Amino acid sequence: DAKTTQPTSMDCAEGRAANLPCNHSTISGNEYVYWYRQIHSQGPQYIIHGLKNNETNEMASLIITEDRKSSTLILPHATLRDTAVYYCIVRAPEAGTASKLTFGTGTRLQVTL
Amino acid sequence: DAGVTQSPTHLIKTRGQQVTLRCSPKSGHDTVSWYQQALGQGPQFIFQYYEEEERQRGNFPDRFSGHQFPNYSSELNVNALLLGDSALYLCASSLYRGPGNTIYFGEGSWLTVV
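As you go down the protein sequences, you meet chains R and Y in turn.
Residue 535 is where the first sequence starts when you use our numbering, and the numbers rise one by one after that.
Residue 5 is where the second sequence starts when you use our numbering, and the numbers rise one by one after that.
Structural data, given as structure tokens:
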């Protein structure tokens with residue numbers, strides 16, 4: 535699976551949009567970009583994933599560049615409860631490798647008043 | 005629809021002992037994987053089970069073993085516990101086949117080895 539690079543930490547004011555970048559310049563054509571977050575002492579929570587097109591769900595939006603070498607997770611209106619470590623993961627979809635996720639160090643997002 | 009459930013949530017063991025952790029996958033999922041997360045680090049893949057067989061394994065010693073039952077639930081066993089085995093153990097479930105299938109995690113089992 536391709537390696538990802540994320541900033542170590544970011545701050546965001548409550549109510550503002552949080553934009554979390556991720557570089558994955560070695561991504562292969564069939565690899566998906568997944569985002570998870572982990573609130574202190576809890577299991578990782580799935581947020582969103584995409585292949586080529588931008589994606590949106592009730593939690594966040596995922597913007598993937600046309601060359602797929604980078605992406606941005608957008609939390610449109612951050613709240614204090616969004617304070618967590620956010621992991622960007624690139625993963626191949628084939629059967630047999632589907633369950634393996636390779637976590638990096640992630641971005642520690644601190645949402646402040 | 006129950007998500008991934010793990011038990012116990014916390015436990016303390018003595019060095020040299022053995023521990024068994026349990027996991028029930030999300031309804032409809034047939035694949036279970038286990039991760040170890042040491043304090044301050046990201047989760048590390050231990051192994052994956054599908055059709056009651058170990059399909060993939062990460063860089064963990066043979067002291068770590070597992071089992072999957074016909075109802076897809078799973079156990080993680082760790083023998084001869086070391087102090088360094090103290091960690092959060094996470095169970096994750098998914099479907100074995102299907103493009104872009106999503107992996108869901110449980111809340112984990114905190115193991116402390118003293």
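Where a beta carbon is used, it is the ideal one built from N, C-alpha and C, also for glycine.
As the structure is a computational prediction, the values presented were derived from the model and not from experiment.
Query, Result
"Selection from R:Thr641, R:Ile598, R:Met593 that minimises the alpha carbon distance to R:Tyr621", "R:Thr641"
"Outcome for R:His574 when other beta-carbon atoms lying within 10 angstroms are tallied against a minimum of 16", "exposed"
"Length of the line joining the Cα atoms of R:Cys556 and R:Ile623", "9 Å"
"C-beta neighbour in chain R for Y:Gln60, strict 7 Å", "yes"
"Rounded separation between R:Thr639 and R:Thr539 - CA only", "9 Å"
"9 Å Cβ cut-off: residues of chain R touching Y:Phe49", "Ser633, Lys634, Leu635, Thr636, Phe637"
"Close beta carbons around Y:Leu92, own chain, < 6 Å, minus the five adjacent residues each side", "Gln41, Gly112, Trp114"
"Distance, Y:Ser77 Cα to Y:Ala96 Cα", "11 Å"
"For Y:Gly88, three-class secondary structure by DSSP", "helix"
"Nearest to Y:Arg101 (by Cα), restricted to the options Y:Glu55, Y:Asp66, Y:Gln22, Y:Lys17", "Y:Glu55"
"Which of helix, strand or coil DSSP assigns to R:Lys614", "Per the sequence presented here, residue 614 of chain R reads as Leu, with Lys not at that position. Helix at R:Leu614."
"Distance CB(R:Gly584)-CB(R:Ile598) smaller than 7 Å", "yes"
"Contact set between R:Gly640 and chain Y, taken where Cβ atoms lie within less than 9 Å", "Gly46"
"Backbone CA spacing between Y:Gln10 and Y:Glu57 [nearest angstrom]", "20 Å"
"Residues near R:Lys611 by beta carbon distance below 8 Å, same chain, minus five either side", "According to the sequence as given, residue 611 of chain R is His; it is not Lys. Same-chain partners within the cutoff: Gly549, Arg550, Ala551."
"Nearest neighbour of Y:Pro29, chosen from Y:Thr18, Y:Asn83, Y:Leu99, Y:Asn105 [CA to CA]", "Y:Leu99"
"Contacts of Y:Thr13 in chain R (Cβ-Cβ under 8 Å)", "Those within 8 Å of Y:Thr13 in chain R number zero; the least Cβ separation is about 10 Å."
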